[in-house]
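Worksheet: one structure, shown below.
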Amino acid sequence: PKVWLAGSSSLGNMSIHLKATPKESVQERRQWSPYIDNGGSVLAVAGKSFVVIAGDKRMSYGYSIASRNVTKIAKLTDGCILASAGMQAERHTLHKVLKAKATMFENTHRKQMSAHSMAQCLSNTLYYKRFFPYYTFNVLAGLDEKGAGSVWGYDAIGSYERVPYVVNGSGSALATSILDNQVLFKTQPQNKRDLTLEETVNLVKDVFTCISERDIYTGDSCEIYMITKDGIQHEDFNLKKD
46 PKVWLAGSSS
56 LGNMSIHLKA
66 TPKESVQERR
76 QWSPYIDNGG
86 SVLAVAGKSF
96 VVIAGDKRMS
106 YGYSIASRNV
116 TKIAKLTDGC
126 ILASAGMQAE
136 RHTLHKVLKA
146 KATMFENTHR
156 KQMSAHSMAQ
166 CLSNTLYYKR
176 FFPYYTFNVL
186 AGLDEKGAGS
196 VWGYDAIGSY
206 ERVPYVVNGS
216 GSALATSILD
226 NQVLFKTQPQ
236 NKRDLTLEET
246 VNLVKDVFTC
256 ISERDIYTGD
266 SCEIYMITKD
276 GIQHEDFNLK
286 KD
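Those letters in the sequence shown? Residues 46 to 287, by the working numbering.
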């Protein structure tokens with residue numbers, strides 16, 4: 046469009062109108078992302094001779110619930126379990142890749158991969174995809190060579206750390222402070238002690254109950270896995286469905 050501006054220049058008593066063209070406006074472009082966050086929360090707590098890992102079953106898309114029965118947990122070996130929050134399609138692919146790697150290792154070496162080896166394998170797998178990463182936030186749990194509970198927390202590109210407990214997903218901010226208080230007793234210096242397996246399972250149930258009260262992306266039900274030297278036990282726990 047042409048804009049006519051009254052100029053200040055003149056020849057005698059005649060005004061000169063100057064013609065100006067405005068700068069092109071910034072064009073608005075449609076934004077697209079290959080990722081979506083399907084919500085949900087996963088956590089793991091390590092004990093002296095056990096580890097508890099859990100995740101809810103709700104899959105959300107925005108303010109809609111796409112499914113109330115989607116697992117976020119994969120059993121990789123007889124003593125190692127992975128739980129992942131984030132995007133459902135990416136989670137499914139990552140779990141399939143890791144199960145395949147665990148199977149190939151077992152077929153080659155005639156033994157299952159240890160928890161430490163699986164932790165490194167997961168880190169390598171995530172880092173390999175760092176330029177187009179899996180949109181997953183992972184928690185790995187198992188028993189180490191001495192039979193002690195082991196928990197590793199990951200970011201999306203494979204940085205990981207062994208920790209006493211970890212929470213990932215949409216409810217992580219709500220749950221971390223509870224575990225700080227009840228597992229490490231950070232605000233209770235006089236009451237430090239090791240939790241039993243039963244106490245840890247009850248704590249996990251309480252944590253998920255608290256998360257589901259405040260986080261709309263976590264709910265419906267929670268699956269809890271307990272890993273000990275005797276094997277893996279499984280329990281389902283109902284949460285809010287609204």
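All C-beta atoms in this analysis are idealised placements derived from N, C-alpha and C, irrespective of residue type, glycine included.
Query, Result
"Contact set for P234: own chain, Cβ-Cβ below 8 Å, skip 5 residues either direction", "none"
"Continuous alpha helix (DSSP H) stretch holding D251: start and end", "L242 to R259"
"Local conformation of S53 per DSSP, three classes", "Model confidence at S53 stands at a pLDDT of 47, short of 50, so the residue's coordinates are unreliable; what they give is reported in the following sentence. Three-state result, S53: strand."
"Contacts around R207, its chain only, beta-carbon distance under 8 Å, and the 5 residues preceding and following it disregarded", "A164, S195, V196 and W197"
"Three or more C-beta pairs below 8 Å linking the stretch 267-275 and the stretch 88-99", "yes"
"When Q227, G100 and P79 are compared against K237, the one with the closest alpha-carbon", "Q227"
"C-beta atoms of G85 and S215 nearer than 8 Å", "yes"
"Local Cβ density within 10 Å of N213, reported as buried at 16 or more and exposed below that", "buried"
"Reduced DSSP secondary structure (H/G/I, E/B, other) of Q288", "In this structure the chain extends from 46 to 287, so residue 288 is not present and cannot be described."
"Counterpart residues of Y106 in DSSP-defined beta bridges", "S109"
"Supposed close pair Y210, S168 - CB separation, criterion 8 Å", "With a Cβ gap of about 19 Å, Y210 and S168 do not count as contacting."
"Touch test, the stretch 100-110 against the stretch 259-268, Cβ-Cβ under 8 Å, three pairs minimum", "yes"
"Contact set for A186: own chain, Cβ-Cβ below 6 Å, skip 5 residues either direction", "A89, V96, I98, I126 and V196"
"For F95: DSSP bridge partner residues", "BP columns for F95 are empty, so no partner."
"Segment contact flag, the stretch 153-162 with the stretch 171-180, C-beta cutoff 8 Å, min 3 pairs", "no"
"Range covered by the alpha helix (DSSP H) that runs through F150", "Q133 to H154"
"For N283, three-class secondary structure by DSSP", "strand"
"Residue from K286, I202, T241 and T221 whose Cα sits closest to the Cα of L139", "I202"
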